[in-house]
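What the sequence shown shows, in the numbering used here, is residues 316 to 1162, in sequence order. Positions of the beta carbon are idealized from the N, C-alpha and C atoms, including for glycine. Being a predicted model, the structure only gives us computed values, none of them experimental.
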Amino acid sequence: MKRVTATMIPENKFLTTGLTDKEVIASRLNHGANNLTYKKENSFIDAVKSLVTEPMVLLLFATSIIYFLSGQVGDAIFLAVAIVLVATISLYQNSRSKNALAKLKEITQPKCKVIRNGKTIEISNEDVVMDDLLVLEEGTSVNADATILQSNDFSVNESVLTGESLAVFKDVSQENCSVYSGTTIASGMALAKVTAIGNKTKLGAIGNSLESIAEEKTPLEVQITRFVKQMVLVGAIIFLIVWGINYYHTANVLDSLLKALTLAMSILPEEIPVAFTTFMALGAWRLMKTGIIVKQMKTVETLGSATVICTDKTGTITENKMSLVEVYAFSDQKVATAEGFNETSSKRVIEMAMWASEPIPFDAMEVAIHESYQQTHLEDERPNYQMIHEYPLDGKPPMMTHVHEDKKGKRIIAAKGAPEAMIAVSKLTAEEKTAIEKAVFAMASQGYRVLGVGIADFSGTDFPKKQQEFAFDFLGLVAFYDPPKKNIQQVFEQFYQAGVAVKIITGDNAVTTQAIAASIGFKGADKSITGDELMQLTDQELEQKVMEINIYTRMFPEAKLKIINALKNDQQIVAMTGDGVNDGPALKAAHIGIAMGKKGTEIAKQAASLILVDDDLSKMVTAIAMGRKIYTNLKKAIQYIISIHIPIILTVFIPLALGWVYPSIFTPLHIILLELIMGPTCSIIFENEPMEQNTMTQKPRLLTTTFFKVKELTISIIQGLVITIGTLATYQFAVNFGYNETFTRSMVFTALISANIFLTLVNRSFYYSVLTTLKYKNNLVLWIIGLTLVVTAALIYIKPFALFFGFTQLPLEQLAISIGIGFASVIWIELYKLFKRKKSPESSELL
316 MKRVTATMIP
326 ENKFLTTGLT
336 DKEVIASRLN
346 HGANNLTYKK
356 ENSFIDAVKS
366 LVTEPMVLLL
376 FATSIIYFLS
386 GQVGDAIFLA
396 VAIVLVATIS
406 LYQNSRSKNA
416 LAKLKEITQP
426 KCKVIRNGKT
436 IEISNEDVVM
446 DDLLVLEEGT
456 SVNADATILQ
466 SNDFSVNESV
476 LTGESLAVFK
486 DVSQENCSVY
496 SGTTIASGMA
506 LAKVTAIGNK
516 TKLGAIGNSL
526 ESIAEEKTPL
536 EVQITRFVKQ
546 MVLVGAIIFL
556 IVWGINYYHT
566 ANVLDSLLKA
576 LTLAMSILPE
586 EIPVAFTTFM
596 ALGAWRLMKT
606 GIIVKQMKTV
616 ETLGSATVIC
626 TDKTGTITEN
636 KMSLVEVYAF
646 SDQKVATAEG
656 FNETSSKRVI
666 EMAMWASEPI
676 PFDAMEVAIH
686 ESYQQTHLED
696 ERPNYQMIHE
706 YPLDGKPPMM
716 THVHEDKKGK
726 RIIAAKGAPE
736 AMIAVSKLTA
746 EEKTAIEKAV
756 FAMASQGYRV
766 LGVGIADFSG
776 TDFPKKQQEF
786 AFDFLGLVAF
796 YDPPKKNIQQ
806 VFEQFYQAGV
816 AVKIITGDNA
826 VTTQAIAASI
836 GFKGADKSIT
846 GDELMQLTDQ
856 ELEQKVMEIN
866 IYTRMFPEAK
876 LKIINALKND
886 QQIVAMTGDG
896 VNDGPALKAA
906 HIGIAMGKKG
916 TEIAKQAASL
926 ILVDDDLSKM
936 VTAIAMGRKI
946 YTNLKKAIQY
956 IISIHIPIIL
966 TVFIPLALGW
976 VYPSIFTPLH
986 IILLELIMGP
996 TCSIIFENEP
1006 MEQNTMTQKP
1016 RLLTTTFFKV
1026 KELTISIIQG
1036 LVITIGTLAT
1046 YQFAVNFGYN
1056 ETFTRSMVFT
1066 ALISANIFLT
1076 LVNRSFYYSV
1086 LTTLKYKNNL
1096 VLWIIGLTLV
1106 VTAALIYIKP
1116 FALFFGFTQL
1126 PLEQLAISIG
1136 IGFASVIWIE
1146 LYKLFKRKKS
1156 PESSELL
């Protein structure tokens, strides 16, 4: 039986028990799981199909056949075994990447709330069963077709089904009181009973149009694929040229083919795409283990380039633990703290603020209002009244109004909202407005979030279309305190140190936001701009101001989006945090959209590319650091691959092209041997490398259009050429001393393997010395290098292996010479790094 993982929610606010555990099991047996079933792909078979078309595998297969045809059965068998080894390694790497991404996909599956056994619990969407009671809240997705049983200010965006972008208000009184899978809740809350799941939902009926769409390749992935294809093309051309030259001189078809295939195999950098996939997938997996869920692989590429992070205030900078701390009663113009809330005037303000709130509160401020009402009113009037009309939160700045009535016809019309909004709709003199504004300023200056409260009278049922049409009496102000998170000042300092600018974008007022910002050492707390002021600026004016102003208040979706676009037009790489329905457009527009895992709505999570599980902004410091580390380590791996391929190619080509005494110093057996020894180095050692100590003190790297810039390739090419000089010098040294082909090959092979080992060690950093990087914690370095040494020693000093591969035992002197040449051909880079450290002690470049 399938085990359902559920998270307990503190309380069930609806007077219903929902399904029991037995009823859930029975329903699942009768109706199945809540899944849309599509044609499934066999990932293993797909991986095998992809593998058999790999150029390296095809070359190995062709070479093996040629060895069989020429009677060299042992060589043919070895290559056949090599094919299996290459396939096994490739499938293993593919499996690691797939498993990591599958785990991420599983974790990013939407959750939903249901009532079972009288308790509200959170479960995954696929665990929803027929007749379940869904608790639908603003910003969440509907995960099954259902009928509404109860609702408050409830509207649904059904654009996924109808194409209509405007939200539709629904309640039990309407003929169509159903909600459908795939739609999203735009406002309010509802309780709904599931009537269809999986393919039987309205969305499931059009499921054929939802077949998986191939994910678009990232820019870096496209560049790497293009580079590898170009190398394959170069390999094919050189293969034909070498084959033609050799056949012209020898008229031996098979021998010419073997020599040409040897060179072609040496050219293919097949490790590069493997390294890319492995680094990105495992990087995303490592991020997930720290509480950062990456939904899109391209985000990993972008993280290290972030130059600006736009964050909201409530719940990100602050604790999102609202407490009602002050009440201003307009009737006597007094401000009361918690001790004075029982005074008649303060009680009246709190009571009307409660009636203006949702009957079942889910907003932190409304929860605080209801709690204060319970504490200050001995007689609870809430059961005696019923909401007969409501106006949802709207306007700029926003307000909301509820109309309640008891059985005797006594009516309460209460409103709350931004103080500016309540002042605008109330009957006030200029002096009264000034007095209220002073009270607002005094409260906001302490970092409090302030709401205005008003009441109105209205008879009849022909209510105004807009709440602003009521004639309100201004009743007072309620102030809430949401303290800053304890670590937030340190988080901002880490962003600043990493060269990342921070901007606060909030719906709160300027005075409150600036007071909170000043208390946590936020840079630029003295300047701010409102959403209305921002919308009046031209795009050019905003682009000039967007890097100067760091606090944006009274924001709404259009204004947020305009800020993001202005920053992007200024060539900034923008990360943005968000949790609400209105944050969706800006989250999607940002290079890195960051949703909150706990308080984030499902809409925000869907729009974002990254989710912070614990709503902890400090994790973004970790994410940026990890993004920089992954990108840096991938760059090191690819530079290593390029550097080590150059000597392999040239050591095969030059003796062949120039007609040296031993033209076939390396055969296909040796090339594949080198590939098997060197291949794991880049994808295992470099992927596991720790972050360099200067990573988070550097400026963000430019998100360039190309990964393979000349500057980044130059050092790698020079390294490869110097190693080539070393291996060819070893070759000439052996020839000049009259050593035979087997002895010469052994020395050249040893020099190349030595250079490979030292290259791995020195390329762990292009800034710090090898003596520093040897202290880095990476246990795989010792394991991989140790294994390489054991394999090399076995090939040269164990007779059966040496005979098979054409090696011979090297005396200590020649062994030392070969190792010394390999060391010398690599260690020169340390002088370059020393020069770089002296020139730039705090290097802002990784290369």
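Here the stretch 862-882 makes contact with the stretch 897-905; the two share three or more CB pairs at distances below 8 Å. Remark: three or more beta-carbon pairs, one from each stretch, lie closer than 8 Å, so the stretch 501-510 and the stretch 466-474 are flagged as touching. When beta bridges are read from the DSSP output, Y700 appears opposite D721.
The straight-line gap separating the alpha-carbon atoms of A952 and Q804 is approximately 36 Å.
For F1073, the enclosing alpha helix (DSSP H) starts and ends at 1056-1077.
A check of alpha carbon separations from Y563 across A972, Q812, Y1054 identifies A972 as the nearest. Three or more beta-carbon pairs separated by less than 8 Å are not found between the stretch 480-500 and the stretch 545-557, which leaves the two stretches without contact. Close CB contacts of S646 within its chain, under the 6 Å cut and outside five residues either way in sequence, are with S660 (chain order). Per DSSP, reduced to three states, the secondary structure at F787 is strand.
If you draw a straight line from the Cα of V450 to the Cα of I430, it comes to about 7 Å. Here P1126 is exposed, its C-beta having fewer than 16 other C-beta atoms within 10 Å. DSSP, reduced to helix, strand and coil, places D460 within a strand of the structure shown. In this structure, the straight-line span from the alpha carbon of Y1046 to that of I607 is close to 52 Å. With contacts defined as CB atoms closer than 8 Å, N349 and E441 qualify as a contacting pair. Residue ranges of uninterrupted beta strand (DSSP E) with 3 or more members, entirely inside the stretch 874-952 and ordered along the chain, are 889-893, 907-911, 925-927. Counting only the Cα atoms, G519 lies some 44 Å from K950. Taking each of T331, L1118, K517, E437 in turn and checking the Cα distance to L464, the smallest one comes out for T331. A straight line joining the alpha-carbon of K517 with that of S439 spans about 20 Å.
Within its own chain, the residues whose Cβ lies closer than 7 Å to the Cβ of I1040, once the five positions on either side in sequence are excluded, are S1140, listed in chain order.
Between the stretch 923-941 and the stretch 616-633, the count of Cβ pairs shorter than 8 Å is three or higher; the stretches touch. The beta-carbon distance between K610 and D797, rounded to whole angstroms, is 28 Å. This is too long to meet the 8 Å contact definition. Burial state of W670 is buried, judged by a 10 Å Cβ sphere holding 16 or more other Cβ atoms. Listed in chain order, the alpha helix (DSSP H) runs fully inside the stretch 545-621 are 568-582, 586-604, 612-618, counting runs of at least 4 residues. Ranked by Cα distance from Y1112, the options S1061, S1084, E1145, I436 are led by S1061. Just so you know, the alpha carbons of R1079 and I1030 end up roughly 14 Å apart.
Inclusion of A739 and I770 in the CB contact set at 8 Å is not warranted, their separation being larger than that value. For Q465, DSSP records a beta bridge to L506. In this structure, F1064 lies near H985, with their beta-carbon atoms less than 8 Å apart. DSSP places P674 in the coil class of the three-state scheme, outside both helix and strand. Look at Y1147 here: in three-state DSSP terms it is helix.
Nearest neighbour of E1007 by Cα position, chosen from D931, L1089, I1032, I980, turns out to be L1089. With a beta-carbon spacing of about 6 Å, A754 and L792 fall inside the 8 Å limit used to define contacts. Annotation for A750: the continuous alpha helix (DSSP H) segment containing it runs 745-759. Looking only at Q783, L965, G836, A1049, the smallest Cα-Cα distance to P713 is reached by Q783. Rounded to the nearest angstrom, the gap between the Cα atoms of L1028 and P588 is 17 Å.
DSSP, reduced to helix, strand and coil, places S1133 within a helical segment of the structure shown.
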